[in-house]
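Colleague: Mind looking over this structure? Questions follow.
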Amino acid sequence: MASSDSNGMIQHQPPSGNANNHSANDHRNPHHHYHDEEAGSGPGSAKLGDYESSGDPFDIPQTKNASLETLKRWRQAALVLNASRRFRYTLDLKREEEKEQRRRMIRSHAQVIRAAVLFKLAGENQIVIGPSATPPTPSGDYGIGLEQLVSITRDHNISALQEYGGLTSSNDHILHQVKGVSQLLKTNLEKGITEDETDLIKRKHSFGSNTYPRKKGRSFLRFLWEAWQDLTLIILIVAAVVSLALGIKTEGVKEGWYDGGSIAFAVFLVIIVTAVSDYRQSLQFQNLNDEKRNIQVEVIRGGRTVKISIFDIVVGDVVPLKIGDQVAADGIVISGHSLAIDESSMTGESKIVHKDHKAPFLMAGCKVADGFGTMLVTGVGINTEWGLLMASISEDTGEETPLQVRLNGVATFIGIVGLSVAVFVLIVLLVRYFTGHSKNPDGSTQYVRGVTSASKVVDGVIKIFTVAVTIVVVAVPEGLPLAVTLTLAYSMRKMMADKALVRRLSACETMGSATTICSDKTGTLTLNQMTVVEAYAGKKNINPPDESSQFHPVVSSLLIEGIAQNTTGNVFRSKDGASVEVSGSPTEKAILSWAVKLGMNFDLARSESMILQVFPFNSEKKRGGVAVKLNDSEVHIHWKGAAEIVLSACTGYLDSNGCLQSIEEEKEFFKAAINDMAVRSLRCVAIAYRLYELDKVPADEENLAQWALPEDDLVLLAIVGIKDPCRPSVKEAVNVCQKAGVKVRMVTGDNLQTAKAIALECGILTSIEDSTEHNIIEGRVFREFTEKERERIAMEVTVMGRSSPNDKLLLVQALRKRGEVVAVTGDGTNDAPALHEADIGLSMGIQGTEVAKESSDIIILDDNFASVVKVSKPFFFI
Ligand SMILES: Nc1ncnc2c1ncn2[C@@H]1O[C@H](COP(=O)(O)OP(=O)(O)OP(=O)(O)O)[C@@H](O)[C@H]1O
Ligand SMILES: [Ca+2]
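Read the sequence shown against full-length UniProt numbering and you will find it ends at 878, with the numbers running on by one and no gaps.
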């Protein structure tokens with residue numbers, strides 16, 4: 001497959017064989033390179049090993065990664081008769097391949113068109129190197145028409161952007177090249193479009209909506225048609241016909257139809273029930289898919305961050321992007337810091353692409369791999385490659401669970417054995433009959449060659465056939481797999497009612513055999529409603545924490561500057577200033593609200609300094625930083641993050657008079673303060689800053705983007721304690737697990753003391769004395785053990801604090817090595833490898849990122865641990 005990029009150069013994509021391999025190895029998740037990179041050993045090989053060692057052909061490993069290879073072997077071993085009904089896993093794979101092919105087709109199609117246009121323009125001498133583009137043609141209410149807009153994005157036509165750009169923005173946050181397009185689209189790049197209904201409708205009218213026609217599912221008749229095409233059923237149908245014919249022949253129409261009729265009725269019943277259940281399941285999957293696709297995304301409208309359905313995004317919208325998000329529509333980067341996009345879902349190449357003003361075009365359907373930013377939407381729905389792709393593939397994945405596959409296999413196997421026995425009996429009886437060995441009750445030989453009349457022979461043979469048919473009918477257990485299908489369909493419906501979105505049906509089953517659950521703390525065990533309840537400014541404990549008069553003005557203005565700039569959240573103040581809306585991650589929200597109470601005017605604070613460089617917060621480093629330049633050219637670097645980590649980088653603090661003091665002698669005091677808050681289950685965040693010399697800051701953009709923010713020599717401004725109460729239902733849920741013999745472990749990014757306090761509160765730990773050596777462990781300690789030691793320790797670990805997402809993966813790996821069946825909950829993008837590695841990955845519907853959801857088997861819609869338990873409870877006690 002060859003494709004041309006925007007310069008018309010030919011690039012070679014991997015040959016189709018490769019792509020097939022790719023999907024064959026892991027049909028479930030096209031993003032499995034996450035796993036491959038981080039986990040080392042691929043899942044496929046491990047699972048295959050499991051299979052080999054078990055040696056039992058009926059033993060499909062109970063893991064979700066039951067690979068194609070396993071199924072293929074299994075299929076050979078069990079002589080499967082109707083592959084399409086028995087092995088939907090393979091169907092699933094075919095669909096994946098089909099998807100991949102479509103994707104390539106759409107891409108090459110778009111590229112051919114693009115190449116043709118470029119060629120034509122070149123012929124007409126319209127392409128000149130440098131800024132040159134056809135001027136925008138106004139259309140309707142907007143300065144640019146749909147066609148033109150779409151082609152700019154599709155062709156990654158930067159020169160057109162610059163051409164339209166015209167004026168240079170006074171505000172350097174905004175890449176001025178987007179300015180022109182945004183004006184044509186009547187968008188304010190900072191405040192977005194207005195929330196006005198009529199404006200939205202106008203935009204939809206001019207540029208389309210972010211939806212695509214859905215491919216119709218199969219009709220009921222198709223299911224009916226498929227339902228009877230099963231060898232066991234065909235055997236039964238034949239048996240019914242034969243039996244009917246025989247019965248009528250021997251006993252007359254009135255009496256003789258009973259046997260055949262009842263077999264036919266049974267077959268009919270099975271066909272109908274199978275078809276109905278398959279059909280309902282396909283409808284259910286369609287609903288599931290709709291729900292899966294109906295992602296809630298944030299957009300900025302009227303200066304306010306609002307959550308809307310992805311389908312409601314319109315051209316001109318300003319969409320904030322953060323790590324883990326799915327790019328909701330085609331667009332152009334407005335501003336961004338270390339913004340990197342994983343385009344593998346669209347291009348098939350697992351390459352992370354950095355986006356800035358040189359490569360500002362974003363493709364819908366890709367994932368944000370790093371950093372954050374905002375984008376201007378320029379293409380929606382069917383005008384994007386993603387939309388074309390979605391419209392052209394149907395997604396009713398009628399997968400079967402391992403248990404179903406196994407039972408179906410057993411049923412077929414028994415059916416075949418029955419059939420063979422019947423045929424064997426038939427042959428023996430026929431041979432006996434025709435060789436004159438069978439006798440009537442009166443002792444006379446039944447068949448004498450040349451003597452017995454033809455009609456007698458027919459009767460005799462018919463009797464023999466009846467025996468054979470009876471054996472077949474008794475032997476074929478067609479209802480068995482059906483029973484499982486019905487049960488699972490029921491449990492899936494129940495799960496939906498219990499607030500869980502099942503992405504893979506087999507997960508329901510696996511969940512039943514889970515022996516341990518590794519749960520997140522924040523949001524899953526706790527409510528994720530965070531408020532700052534304690535604050536230290538310098539050594540002074542501020543009480544109440546938002547009493548602004550207790551802060552020295554120097555401290556509070558530095559705090560406000562740091563909090564307003566060093567955030568991915570947003571504060572919206574209504575025109576009259578009466579209501580304030582804070583958005584962002586729960587921790588951010590808590591800190592922003594606190595700052596608002598201290599008198600922060602968000603917009604004003606942000607306009608007073610200019611951001612030079614950002615280090616976005618991530619769970620690995622547990623801190624985030626920003627460098628800002630003030631109007632007087634002073635440079636401040638603000639850091640905010642896990643308290644003890646930031647504290648260890650501090651060399652000074654500002655005391656209650658706003659004077660700089662050395663922190664050396666006071667470190668113990670601050671550590672004790674943090675510990676004191678943590679044991680009361682508060683999450684501690686420290687805020688610090690430092691001065692920096694402007695001439696040490698890289699001047700040119702290239703180096704500035706690469707600049708690693710200095711993070712030593714910090715001055716501590718404040719430490720806050722954030723309360724996040726336990727969910728009320730959690731204690732009971734943990735109890736249910738423990739009763740069912742399922743061990744609950746907490747793996748959290750929070751401080752060990754905080755983790756311990758929450759674990760006590762929700763019953764994961766019964767008492768502090770309960771702790772053995774490795775029971776409560778820090779992520780850092782755990783990761784430094786050797787692999788063998790980790791395996792040994794893992795079983796003991798109940799609470800892991802200050803863990804990075806990779807520690808979670810290590811724990812899951814170690815537990816699985818010890819033969820545990822592990823369920824893992826996760827929300828962050830970095831949790832994807834652990835979710836993937838687990839036997840059952842559970843992601844969070846509200847706080848979870850798209851990447852995490854995609855790597856999980858079950859999405860817990862309300863983020864609640866109690867729902868996790870509710871989902872699996874019926875299975876625990878089987
Ligand atoms: N937005 C933020 N800015 C600065 N620091 C933060 C922010 N969010 C969290 N922190 C700090 O980072 C620490 C851990 O964050 P991390 O993302 O690893 O955990 P989490 O996912 O929030 O919790 P859990 O793992 O229990 O779900 C917190 O204890 C807090 O001190
Ligand atoms: Ca987490």
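Just so it is clear, CB atoms sit at the ideal spot from N, CA and C, and this is done for glycine as well.
(1) Does DSSP put R293 in a helix, a strand or coil?
(2) Taking the beta strand (DSSP E) that S309 falls in, what are its first and last residues?
(3) What are the start and end residues of each continuous alpha helix (DSSP H) run of 4 or more residues lying completely inside the region 704-755, in chain order?
(4) Rounded to the nearest angstrom, what separates N289 and Y279 at their Cα positions?
(5) Of the residues I272, S262, T568, which one's Cα is nearest the Cα of E226?
(6) Along the chain, where does the alpha helix (DSSP H) containing N806 start, and where does it finish?
(7) Using a Cβ-Cβ cutoff of less than 8 Å, which residues in the same chain neighbour P725 once the five nearest sequence positions on both sides are dropped?
(8) Could you check whether I858 and L429 sit closer than 9 Å to each other, using their CB atoms as the reference points?
(9) For residue 886, list the residues DSSP reports as bridge partners.
(10) Do you know whose CA, among E588, A537, V555, V368, lies nearest T567's CA?
(11) Counting C-beta neighbours from all protein chains within 10 Å, is the total for N751 16 or more, i.e. buried, or is it exposed?
(12) For Q162, which of K351, A359, E291 has the nearest alpha-carbon?
(13) Report the three-state DSSP secondary structure of A24 (helix, strand or coil).
(14) Beta carbon of C737: closer than 8 Å to some heavy atom of ligand 1?
(15) Using a Cβ-Cβ cutoff of less than 7 Å, which residues in the same chain neighbour A605 once the five nearest sequence positions on both sides are dropped?
(16) With a threshold of 8 Å (Cβ to nearest heavy atom), would F782 be considered close to ligand 1?
(17) Please report the distance separating the alpha-carbon of I719 from that of G741.
(18) So is N18 buried or exposed if we call it buried at 16+ other beta carbons inside 10 Å?
(19) Just mark T153 as buried or exposed, buried being the case when its beta carbon has 16 or more other beta carbons within 10 Å.
(20) Once you ignore the five residues that flank E251 on each side, which residues in its own chain have a CB closer than 8 Å to its CB?
(21) Apart from the five residues on each side of it in sequence, which residues of its chain come closer than 8 Å, Cβ to Cβ, to D141?
(22) Run the proximity test for N188: is its beta-carbon closer than 8 Å to any non-hydrogen atom belonging to ligand 1?
(23) Buried or exposed for S855, going by 16 or more other Cβ atoms inside 10 Å?
(24) Return the CA-CA distance between S767 and D230, expressed in angstroms with no decimal places.
(25) By DSSP, does I838 sit in helix, in strand, or in coil?
(26) In this structure, does DSSP put S843 in helix, strand or coil?
(27) Closest to G828 by CA distance: which of G415, E255, A422, G523 is it?
(28) DSSP has I637 in a bridge; who is on the other side?
(29) Going by the CB atoms, is the gap between V532 and L654 shorter than 9 Å?
(30) Once you ignore the five residues that flank residue 884 on each side, which residues in its own chain have a CB closer than 7 Å to its CB?
(31) Whole angstroms is fine: what's the gap from G247's alpha carbon to V473's?
(32) So, under 8 Å CB-CB, M390 and V319 are touching, yes? Tell me the CB distance rounded to an integer number of Å.
(33) Any heavy atom of ligand 1 closer than 8 Å to the CB of R683?
(34) Could you give the C-beta distance for A364 and D330, rounded to a whole number, given that I count them as a contact under 8 Å?
(35) Quick one, are the C-beta atoms of G336 and K367 less than 9 Å apart?
(36) To the nearest angstrom, report how far apart R406 and I416 are at their CA atoms.
Modeller: Judging by the given coordinates:
(1) Working through the sequence shown from its first residue, we reach residue 293 at position 293. Reduced to three states, the DSSP call for R293 is helix.
(2) Along the sequence shown, one-based indexing puts residue 309 at 309. That run of the beta strand (DSSP E) goes 304-309.
(3) Listed in chain order, they are 730-739.
(4) As a first step, residue 289 must be located in the sequence shown, where it is residue number 289. As a first step, residue 279 must be located in the sequence shown, where it is residue number 279. One C-alpha to the other measures close to 15 Å.
(5) On the sequence shown, residue 226 is found 226 positions in, with the first residue counted as 1. Measuring from the Cα of E226, the nearest candidate turns out to be I272.
(6) Taking the first residue of the sequence shown as 1, we reach residue 806 at position 806. Boundaries of the alpha helix (DSSP H) harbouring N806: 805-817, taken from the DSSP string.
(7) For the purposes of this step, residue 725 is taken as residue 725 along the sequence shown, with counting starting at 1. Around P725: T526, L527, Q529.
(8) By one-based count along the sequence shown, residue 429 stands at place 429. By one-based count along the sequence shown, residue 858 stands at place 858. Not in contact: L429 and I858 (Cβ atoms no closer than 9 Å).
(9) The first residue shown for the chain is 1 and the last is 878, placing residue 886 beyond what the model contains.
(10) Here residue 567 corresponds to residue number 567 of the sequence shown, with the count starting at 1. The residue with the shortest Cα to Cα distance from T567 is E588.
(11) Residue numbering aside, residue 751 sits at position 751 when the sequence shown is read from its first letter. Taking all protein chains in view, the Cβ of N751 is crowded by 16 or more other Cβ atoms within 10 Å, so the residue is classified as buried.
(12) As a working note, residue 162 is residue 162 in the sequence shown. Closest option to Q162, Cα to Cα, is A359.
(13) Walking along the sequence shown from the start, residue 24 turns up at place 24. With a pLDDT of only 35 at A24, under 50, the local geometry of the prediction cannot be trusted, and the value read off the model is given with reservation. It is helical.
(14) Stepping through the sequence shown from its first residue, residue 737 is reached at position 737. Result no, Cβ not under 8 Å from ligand 1.
(15) For this step, residue 605 is matched to residue 605 along the sequence shown. Taken in chain order, the residues that qualify are I560, E561, A564.
(16) The residue labelled residue 782 in the question sits at position 782 within the sequence shown. No, the beta carbon of F782 sits no closer than 8 Å to any heavy atom of ligand 1.
(17) Mapped onto the sequence shown, residue 719 falls at position 719. Mapped onto the sequence shown, residue 741 falls at position 741. Going from the Cα of I719 to the Cα of G741 covers about 40 Å.
(18) In the sequence shown, residue 18 corresponds to position 18, counting from 1. Caution applies to N18, whose pLDDT of 39 falls short of 50 and renders its modelled position unreliable; the value that the coordinates give is listed next. Its Cβ having fewer than 16 others within 10 Å, N18 is exposed.
(19) Within the sequence shown, the letter at position 153 stands for residue 153. With 16 or more Cβ atoms within 10 Å of its Cβ, T153 is classed as buried.
(20) To locate residue 251, count along the sequence shown from 1; it is residue 251. Correct list: empty, nothing qualifies.
(21) For the purposes of this step, residue 141 is taken as residue 141 along the sequence shown, with counting starting at 1. So the list reads K186, K202, S206, once near-sequence residues are dropped.
(22) Taking the sequence shown and counting its residues from 1, the one referred to as residue 188 is at position 188. False, no ligand heavy atom lies under 8 Å from that Cβ.
(23) Here residue 855 refers to the residue found at position 855 when the sequence shown is read from its first residue. With 16 or more Cβ atoms within 10 Å of its Cβ, S855 is classed as buried.
(24) Numbered from 1 along the sequence shown, position 767 holds the residue referred to as residue 767. Numbered from 1 along the sequence shown, position 230 holds the residue referred to as residue 230. Their Cα atoms are separated by approximately 58 Å.
(25) On the sequence shown, position 838 is the one that residue 838 refers to. Residue identity differs from the one stated: residue 838 is Ala in this sequence, not Ile. Reduced to three states, the DSSP call for A838 is coil.
(26) On the sequence shown, residue 843 is found 843 positions in, with the first residue counted as 1. Note: S843 maps to strand in three-state DSSP.
(27) Along the sequence shown, read from residue 1 onward, the residue named residue 828 stands at position 828. Comparing Cα positions, the closest option is G523.
(28) Against the sequence shown, residue 637 aligns to sequence position 637. Bridge partners of I637: A627, R690.
(29) Reading the sequence shown from its first residue, position 654 is the one you call residue 654. Reading the sequence shown from its first residue, position 532 is the one you call residue 532. No, these two residues do not count as a Cβ contact at 9 Å.
(30) A question about residue 884 goes unanswered here, because the residues of the chain that appear run from 1 up to 878.
(31) Taking the sequence shown and counting its residues from 1, the one referred to as residue 247 is at position 247. Taking the sequence shown and counting its residues from 1, the one referred to as residue 473 is at position 473. Those two C-alpha atoms are separated by around 15 Å.
(32) In the sequence shown, residue 390 corresponds to position 390, counting from 1. In the sequence shown, residue 319 corresponds to position 319, counting from 1. Actually they do not touch by this definition, with Cβ atoms about 18 Å apart.
(33) By 1-based counting over the sequence shown, the position of residue 683 is 683. It does: the Cβ of R683 is within 8 Å (strictly closer) of some heavy atom of ligand 1.
(34) Numbered from its first residue, the sequence shown carries residue 364 at position 364. Numbered from its first residue, the sequence shown carries residue 330 at position 330. Contact flag correct, Cβ pair sits at about 5 Å.
(35) Here the question's residue 336 lines up with position 336 in the sequence shown. Here the question's residue 367 lines up with position 367 in the sequence shown. Not in contact: G336 and K367 (Cβ atoms no closer than 9 Å).
(36) As a working mapping, residue 406 is identified with position 406 in the sequence shown. As a working mapping, residue 416 is identified with position 416 in the sequence shown. So the two alpha carbons sit approximately 15 Å from each other.
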